[in-house]
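**Student:**
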Amino acid sequence: MNDGREEQQELTQFLGDASEGVQALAAEPGSRDFAAVVTMAHRLDPDGVSASAVEEACQFAPVIALPRERSDVRQERELDDFLADVQRHWTAMAGERRMAGLPLLRGHREAGRRRWAAAAAVVAAAVLLSVVGVHVQRARKTVLEQAYAQAPTYVKESLENQRQAHHVRPADGRSAAEEAPPAEPIVSAHTNPTAVQVARSEPARRMPHRNPTQSLVDQLAQLDRAAQDAWRVGDLPEAERLFARITVIGHRERVVELAYGDLFTLARQRGSSWREVVLWREYLVRFPNGQFSDDARAGLCRRASAEARADCWSRYLERAPRGAHRAQAERELEQASDR
Amino acid sequence: MSEIVEALVARARHGDMHAWARLYQDLFDGLFRHVTCLTGDRTIAEDLVQETFARALVKLPSFHGQSPISTWLHGIALNVVRTHWRSQATMRKHADVLVASPTSTETVDRTHLCREKARALYAALALLPEPLREAFILRELEGLSPAETALRVGTTPENVSVRAHRARERIRRELTRVGWLSRAEGTS
Numbered sequence: 011m012n013d014g015r016e017e018q019q020e021l022t023q024f025l026g027d028a029s030e031g032v033q034a035l036a037a038e039p040g041s042r043d044f045a046a047v048v049t050m051a052h053r054l055d056p057d058g059v060s061a062s063a064v065e066e067a068c069q070f071a072p073v074i075a076l077p078r079e080r081s082d083v084r085q086e087r088e089l090d091d092f093l094a095d096v097q098r099h100w101t102a103m104a105g106e107r108r109m110a111g112l113p114l115l116r117g118h119r120e121a122g123r124r125r126w127a128a129a130a131a132v133v134a135a136a137v138l139l140s141v142v143g144v145h146v147q148r149a150r151k152t153v154l155e156q157a158y159a160q161a162p163t164y165v166k167e168s169l170e171n172q173r174q175a176h177h178v179r180p181a182d183g184r185s186a187a188e189e190a191p192p193a194e195p196i197v198s199a200h201t202n203p204t205a206v207q208v209a210r211s212e213p214a215r216r217m218p219h220r221n222p223t224q225s226l227v228d229q230l231a232q233l234d235r236a237a238q239d240a241w242r243v244g245d246l247p248e249a250e251r252l253f254a255r256i257t258v259i260g261h262r263e264r265v266v267e268l269a270y271g272d273l274f275t276l277a278r279q280r281g282s283s284w285r286e287v288v289l290w291r292e293y294l295v296r297f298p299n300g301q302f303s304d305d306a307r308a309g310l311c312r313r314a315s316a317e318a319r320a321d322c323w324s325r326y327l328e329r330a331p332r333g334a335h336r337a338q339a340e341r342e343l344e345q346a347s348d349r
Numbered sequence: 132m133s134e135i136v137e138a139l140v141a142r143a144r145h146g147d148m149h150a151w152a153r154l155y156q157d158l159f160d161g162l163f164r165h166v167t168c169l170t171g172d173r174t175i176a177e178d179l180v181q182e183t184f185a186r187a188l189v190k191l192p193s194f195h196g197q198s199p200i201s202t203w204l205h206g207i208a209l210n211v212v213r214t215h216w217r218s219q220a221t222m223r224k225h226a227d228v229l230v231a232s233p234t235s236t237e238t239v240d241r242t243h244l245c246r247e248k249a250r251a252l253y254a255a256l257a258l259l260p261e262p263l264r265e266a267f268i269l270r271e272l273e274g275l276s277p278a279e280t281a282l283r284v285g286t287t288p289e290n291v292s293v294r295a296h297r298a299r300e301r302i303r304r305e306l307t308r309v310g311w312l313s314r315a316e317g318t319s
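From first to last, the protein sequence lines are chains A and B. Taking our numbering, the leading residue of the first sequence gets 11, the next gets one more, and so forth. Taking our numbering, the leading residue of the second sequence gets 132, the next gets one more, and so forth.
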């Protein structure tokens with residue numbers, strides 16, 4: 011006898027599976043484009059949402075429709091290599107610090123300061139070179155060698171390990187940086203290293219008042235508020251410093267990811283393309299599947315040297331067959347195959 | 132964090148585009164999940180979420196914070212989705228899917244099977260009147276309570292339960308008709 015219970019059970023089973031199917035679809039991050047939202051809003055209500063608002067929105071992350079810059083290919087490639095070195099240095103520092111244990115114990119604070127001062131010196135030397143532009147390759151080698159020579163043994167060992175690790179390319183063709191596990195806080199190389207060093211060793215200076223018993227989440231929220239306030243009143247360097255601080259002390263909290271979004275925007279507002287590149291790389295190491303990862307990868311491909319670009323887009327498609335930038339990726343690959 | 136969101140909303144209402152950008156980044160995922168559940172299609176959901184945020188930006192001056200901004204956005208999204216549902220093209224697309232009867236399910240992997248079932252379900256949902264469809268999706272797929280669902284669609288919890296039940300019955304009949312569910316003994 012069937013009183014309808016079997017039918018209901020079958021339907022319930024079906025709905026459970028269907029729900030699983032749609033939840034799986036919804037779980038993958040969707041493509042975002044804030045500028046497109048504001049443009050649409052302007053079309054809906056030109057008086058309420060002004061053209062200048064559209065213009066302003068184009069400055070915000072993500073990086074969709076970013077124009078490719080014209081620059082000397084060789085210099086671009088060198089800068090690319092150089093930035094990869096900087097990224098590796100920071101990854102090495104972070105790895106070393108992770109091995110040493112987090113957070114730094116009170117008794118080790120001085121040692122910690124010295125370590126970070128040494129690390130900052132390496133990167134300061136490296137970052138300085140990006141400004142020089144000409145003779146990048148030669149100068150970079152010299153300065154990095156000098157900085158390396160002065161670095162403590164633990165830094166050298168860590169760098170050596172990193173170098174060896176980077177000689178082994180992952181089987182799926184992704185970069186080693188992308189394969190690195192989500193790191194403990196990596197110092198933002200885009201900020202002035204001295205400022206970062208100060209921020210690490212003297213967190214109270216120029217920082218919002220902090221209760222020592224305050225939780226990390228509260229600290230991050232407080233920093234976020236302060237950064238937003240600084241931005242609102244137009245103090246962009248302070249806003250940038252505070253957002254960078256969030257990325258330094260935070261781990262995988264949502265506010266950290268959003269801080270990266272703000273740092274991307276600030277870098278673009280300043281017209282600092284190399285900072286954007288450094289930030290994208292750093293972000294991808296920490297949030298390989300984050301909400302800005304699609305844009306960050308596309309941004310890196312757009313900035314890649316002519317020789318590396320096709321390979322970069324190919325890897326982009328491999329990783330994100332449904333990525334928001336797939337049309338451009340396919341176009342680039344088609345053009346590359348015609349050449 | 133809600134304090135931060137409130138501050139961002141206040142700034143966005145005064146035309147601070149950066150604050151609005153932050154809200155967009157912060158609220159996107161939740162809204163995307165909601166709209167994907169309503170439509171069953173990621174690509175369509177992406178477009179509709181963009182439209183939802185655009186409409187919200189236009190309406191922002193009239194938002195006075197009586198409810199959380201996420202609830203307000205979900206309401207706008209539901210209206211955007213309703214407009215989408217009303218388009219004939221959408222209905223036709225779903226109807227096409229309904230024609231496809233299930234093949235042997237023993238050989239397909241589970242993920243694929245779940246997605247196929249989801250497609251069939253949305254095809255059946257497309258045939259329902261909007262109030263039944265909304266109540267069913269919010270209750271059965273998003274797992275909202277009758278009270279939460281009632282708040283979203285603007286009716287009573289009792290009415291939501293009745294609608295969801297009716298929707299379920301109609302869906303069962305439709306899925307049986309196209310062969311996804313087995314026919315009960317004694318029926319033709």
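Backbone N, C-alpha and C fix where the C-beta goes; we use that ideal spot for every residue, glycine too.
Would you mind working out which of A:Trp323, A:Tyr293, A:Phe302 and A:Glu267 sits nearest Gln345 (chain A), comparing C-alpha positions?
**Tutor:** Gln345 (chain A) has its Cα closest to that of A:Trp323, out of A:Trp323, A:Tyr293, A:Phe302 and A:Glu267.
**Student:** Going along chain A in order, which residues have a C-beta closer than 9 Å to the C-beta of Gly285 (chain B)?
**Tutor:** Going along chain A, no residue has its Cβ under 9 Å from Gly285 (chain B), so there is no contact; the nearest lies around 23 Å.
**Student:** Identify every run of the alpha helix (DSSP H) within the region 252-281 of chain A, keeping only runs that are complete inside it and at least 4 residues long; order them along the chain.
**Tutor:** Counting whole runs of 4 or more residues, the region 252-281 of chain A contains the alpha helix (DSSP H) stretches 264-279.
**Student:** Name, please, each residue of chain B whose Cβ falls closer than 9 Å to the Cβ of Leu233 (chain A).
**Tutor:** By Cβ distance, chain B contributes nothing, its closest Cβ being about 11 Å from Leu233 (chain A), past 9 Å.
**Student:** Output yes if chain A places a C-beta closer than 8 Å to the C-beta of Leu252 (chain B); else output no.
**Tutor:** Judged by the 8 Å Cβ criterion, Leu252 (chain B) is in contact with chain A.
**Student:** Is the beta carbon of Ala330 (chain A) closer than 8 Å to that of Asp305 (chain A)?
**Tutor:** The answer is no: Cβ separation not under 8 Å.
**Student:** Can you check whether the C-beta of Arg304 (chain B) is within less than 8 Å of a C-beta belonging to chain A?
**Tutor:** Judged by the 8 Å Cβ criterion, Arg304 (chain B) is not in contact with chain A.
**Student:** Note down the Cα distance separating Leu25 (chain A) from Leu306 (chain B), rounded to an integer number of angstroms.
**Tutor:** Each residue's alpha carbon lies about 11 Å from the other.
**Student:** Mind pulling the chain B residues with CB within less than 8 Å of Pro321 (chain A)?
**Tutor:** Correcting the residue identity first, residue 321 (chain A) is Asp in this sequence and not Pro. Neighbours of Asp321 (chain A) on chain B: none; closest Cβ ~28 Å, over 8 Å.
**Student:** Contact defined as beta carbons within less than 8 Å: I believe Ile256 (chain A) pairs with Leu289 (chain A). What is the distance between those atoms, to the nearest angstrom?
**Tutor:** With 8 Å as the limit, Ile256 (chain A) and Leu289 (chain A) do not qualify as a contact, their Cβ atoms being about 13 Å apart.
**Student:** If I follow the unbroken alpha helix (DSSP H) through Arg53 (chain A), where does it start and stop?
**Tutor:** Start and end: Phe44 to Leu54.
**Student:** Within 10 angstroms of the Cβ of His145 (chain B), are there 16 or more other Cβ atoms? Answer buried if so, exposed if not.
**Tutor:** His145 (chain B) should be labelled exposed.
**Student:** Taking Cβ-Cβ distances shorter than 8 Å, what residues in chain D pair up with Ala281 (chain B)?
**Tutor:** Judged by its chain identifiers, the structure shown contains no chain D, and its protein chains are A and B.
**Student:** What do you reckon, are the CB atoms on Ala237 (chain A) and Ala249 (chain A) nearer than 8 Å?
**Tutor:** Result yes, Cβ atoms of Ala237 (chain A) and Ala249 (chain A) sit closer than 8 Å.
**Student:** Under a three-way DSSP split, which group does Arg287 (chain B) fall into?
**Tutor:** Before going on, a small fix: residue 287 (chain B) reads as Thr here, not Arg. Looking at Thr287 (chain B) - three-state DSSP - the assignment turns out to be coil, as it is neither helix nor strand.
**Student:** Answer yes if the region 16-33 of chain A comes into contact with the region 240-251 of chain B, meaning at least three C-beta pairs across the two stretches below 8 Å, and no otherwise.
**Tutor:** Yes: at least three Cβ pairs fall under 8 Å.
**Student:** Rounded to a whole number of angstroms, what is the C-alpha to C-alpha distance between Ser292 (chain B) and Pro277 (chain B)?
**Tutor:** Approximately 6 Å, taken between the alpha carbons.
**Student:** In three-state DSSP terms, what is Asn210 (chain B)?
**Tutor:** In this structure, Asn210 (chain B) counts as helix in the three-state DSSP scheme.
**Student:** Counting only Cβ-Cβ distances shorter than 9 Å, please list the residues of the region 275-286 of chain A near chain B, keeping chain order.
**Tutor:** Going along the region 275-286 of chain A in chain order, one finds Thr275 with a Cβ nearer than 9 Å to chain B.
**Student:** DSSP on Gly300 (chain A), reduced to helix/strand/coil?
**Tutor:** Three-state result, Gly300 (chain A): coil.
**Student:** Under 8 Å between the Cβ atoms of Met148 (chain B) and Ala318 (chain A)?
**Tutor:** Cβ atoms of Met148 (chain B) and Ala318 (chain A): not closer than 8 Å.
**Student:** Considering only the alpha carbon of each residue, which of A:Ala308, A:Ser315, A:Asn299 and A:Ala314 lies closest to Leu327 (chain A)?
**Tutor:** For Leu327 (chain A), the nearest C-alpha among the options comes from A:Ala308.
**Student:** Is it right to say Glu195 (chain B) is buried, meaning 16 or more other beta carbons lie within 10 angstroms of its own, or is it exposed?
**Tutor:** Looking at the sequence shown, residue 195 (chain B) is not Glu but His. Exposed.
**Student:** Rounded to whole angstroms, what's the CA-CA distance from Val189 (chain B) to Leu154 (chain B)? Just pull it up for me.
**Tutor:** For Val189 (chain B) and Leu154 (chain B), the distance between alpha carbons rounds to 14 Å.
**Student:** Could you tell me if Arg241 (chain B) is buried or exposed, where buried requires 16 or more neighbouring beta carbons within 10 angstroms of its beta carbon?
**Tutor:** Burial call: exposed.
**Student:** Where do the ends of the alpha helix (DSSP H) carrying Met165 (chain B) lie?
**Tutor:** According to the sequence shown, residue 165 (chain B) is His rather than Met. Counting along the chain, the alpha helix (DSSP H) containing His165 (chain B) begins and ends at Met148 to Thr170.
**Student:** Along the chain, where does the alpha helix (DSSP H) that runs through Gly274 (chain B) open and close?
**Tutor:** Here Gly274 (chain B) belongs to no alpha helix (DSSP H), and DSSP marks it neither H nor E.
**Student:** Are Phe274 (chain A) and Phe302 (chain A) touching if we call contact CB-CB under 8 Å?
**Tutor:** In contact: Phe274 (chain A) and Phe302 (chain A) (Cβ atoms closer than 8 Å).
**Student:** Indicate whether at least one CB of chain B lies closer than 8 Å to the CB of Glu17 (chain A).
**Tutor:** Yes, Glu17 (chain A) counts as interfacial toward chain B.
**Student:** Please confirm whether Met109 (chain A) has its beta-carbon closer than 8 Å to some beta-carbon of chain B.
**Tutor:** Unreliable positioning characterises Met109 (chain A) in this predicted model, as indicated by a pLDDT of 49, which lies under 50. A coordinate reading is not provided.
**Student:** Got a sec? Which residues, its chain only, sit under 7 Å from Val59 (chain A) by beta carbon, not counting five neighbours each side?
**Tutor:** Here the set comprises Val48, Ala51 and His52.
**Student:** Please confirm whether Glu317 (chain A) has its beta-carbon closer than 8 Å to some beta-carbon of chain B.
**Tutor:** Chain B, which has no Cβ nearer than 8 Å to the Cβ of Glu317 (chain A), makes this no.
**Student:** In angstroms with no decimal places, state the Cα-to-Cα distance between Ala295 (chain B) and Pro288 (chain B).
**Tutor:** Distance between the alpha carbons of Ala295 (chain B) and Pro288 (chain B): 10 Å.
**Student:** Give the residues of chain B in contact with Ser301 (chain A), contact being defined as C-beta atoms less than 9 Å apart.
**Tutor:** Per the sequence shown, residue 301 (chain A) should be read as Gln rather than Ser. In chain order: Gln156, Phe159 and Asp160.
**Student:** Put Cys361 (chain A) into one of helix, strand or coil per three-state DSSP.
**Tutor:** Outside the shown range of chain A, which is 11 to 349, sits residue 361 (chain A), and nothing can be said about it.
**Student:** Counting contacts by CB-CB distance shorter than 8 Å, is Val212 (chain B) in contact with chain A?
**Tutor:** Taking Cβ atoms only, chain A never reaches closer than 8 Å to Val212 (chain B), which makes this a no.
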